[in-house]
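According to numbering that gives the first Met the number 0, the residues represented by the sequence shown are 0 to 202, in order.
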Amino acid sequence: MSKPSNTGPANKPASTPPTKPNAGEDRRGFVAIAAGAIGAIVAAVPVLAGLRVFADPLTRTPKKKSTTDGALENGMIRVATLDAMPEIGKVYRFPVVATREDKWSRYDAHPIGTVFLRRTSAAERPVAFTSVCPHLGCSVDIKGDVYKCPCHNSTWTIEGERINPESCPSPRDLDELEVEVKGNDVFIAYKRFRGGIEEQIEE
Ligand code: FES
Numbered sequence: 000m001s002k003p004s005n006t007g008p009a010n011k012p013a014s015t016p017p018t019k020p021n022a023g024e025d026r027r028g029f030v031a032i033a034a035g036a037i038g039a040i041v042a043a044v045p046v047l048a049g050l051r052v053f054a055d056p057l058t059r060t061p062k063k064k065s066t067t068d069g070a071l072e073n074g075m076i077r078v079a080t081l082d083a084m085p086e087i088g089k090v091y092r093f094p095v096v097a098t099r100e101d102k103w104s105r106y107d108a109h110p111i112g113t114v115f116l117r118r119t120s121a122a123e124r125p126v127a128f129t130s131v132c133p134h135l136g137c138s139v140d141i142k143g144d145v146y147k148c149p150c151h152n153s154t155w156t157i158e159g160e161r162i163n164p165e166s167c168p169s170p171r172d173l174d175e176l177e178v179e180v181k182g183n184d185v186f187i188a189y190k191r192f193r194g195g196i197e198e199q200i201e202e
């Protein structure tokens with residue numbers, strides 16, 4: 000009786016069964032994933048904070064104009080007090096100082112122009128002219144009872160009318176500004192107008 004051959008497939012060494020990851024490997028994998036996730040979150044925090052700061056101005060509504068010492072709700076700017084112009088009929092010059100704010104920046108106590116104020120009586124509100132020349136925008140002076148522009152010699156009466164309209168370089172009278180008085184405080188609606196044209200058109 001012949002011996003059974005031991006070279007058949009039944010005698011091949013059995014292939015190694017796939018090994019299951021042991022518990023230690025599972026833990027290491029979990030720790031690696033968790034560490035990666037935490038690292039991503041930590042890295043994202045400053046980026047998100049920066050984006051928030053960057054985008055914040057886009058959600059703000061800028062204030063058009065205000066003053067450091069008070070403004071009316073309609074945007075008028077406080078420029079003087081009645082006490083600061085005691086003489087009826089005299090022209091006083093005052094700076095216009097305002098806080099400007101846009102979506103990105105705030106500029107405190109920023110000079111934006113000058114105005115002439117004159118009281119015509121104790122009861123009436125003062126008359127105000129901007130000092131910006133209606134010709135090409137130079138700064139107008141007051142000499143006695145005459146307003147004069149040093150750039151091309153335009154002249155105006157104390158009421159702001161051109162003295163020689165035919166020869167005056169300025170195409171119009173001085174630009175008058177709206178005035179309000181609240182108690183002792185004098186407010187103006189400060190505006191700038193286009194120069195070199197007859198019509199008074201706000202810039
Ligand atoms: S800018 Fe004033 S007269 Fe020309």
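Every residue, glycine too, gets a C-beta built ideally from N, C-alpha and C. What you are looking at is a predicted structure, and each value in this text was computed from that prediction instead of being measured.
At a Cβ-Cβ threshold of 8 Å, Ile141 and Val78 do not count as neighbours. Residue pairing by DSSP places Thr129 opposite Val114 in a beta bridge. For the 8 Å CB-CB criterion, Trp155 and Leu173 form a contact. Straight across, the Cα-Cα distance linking Ile111 with Glu165 is about 31 Å. Any heavy atom of ligand 1 counts here; residues with a Cβ closer than 5 Å to one of them, in chain order, are Cys132, His134, Leu135, Cys137, Cys148, Cys150, His151, Ser153, Pro168. Arg191 carries a coil assignment under DSSP once its states are collapsed to helix, strand and coil. Counting C-beta atoms within 10 angstroms of its own C-beta, Arg118 has 16 or more neighbours from the protein chains shown and is therefore classed as buried. Close CB contacts of Val145 within its chain, under the 8 Å cut and outside five residues either way in sequence, are with Thr154, Trp155, Thr156, Ile157, Ile162 (chain order).
Classified as exposed, Tyr106 has fewer than 16 neighbouring CB atoms from the shown chains inside 10 Å of its CB.
Taking C-beta atoms under 8 Å as the contact rule, Arg124 and Val180 qualify, at a distance of about 5 Å. In this structure, the CA atom of Glu198 is about 7 Å from the CA atom of Arg171. Note on geometry: alpha-carbon atoms of Gly38 and Val95 lie some 54 Å from one another.
Rounded to the nearest whole angstrom, the CA to CA distance from His151 to Ile76 is 30 Å. With respect to Thr98, Val185 sits apart: the two C-beta atoms are not nearer than 8 Å.
Leaving aside the five residues that flank Lys147 on each side, the residues in its chain whose CB is nearer than 6 Å to its CB run, in chain order, Asp140, Thr154.
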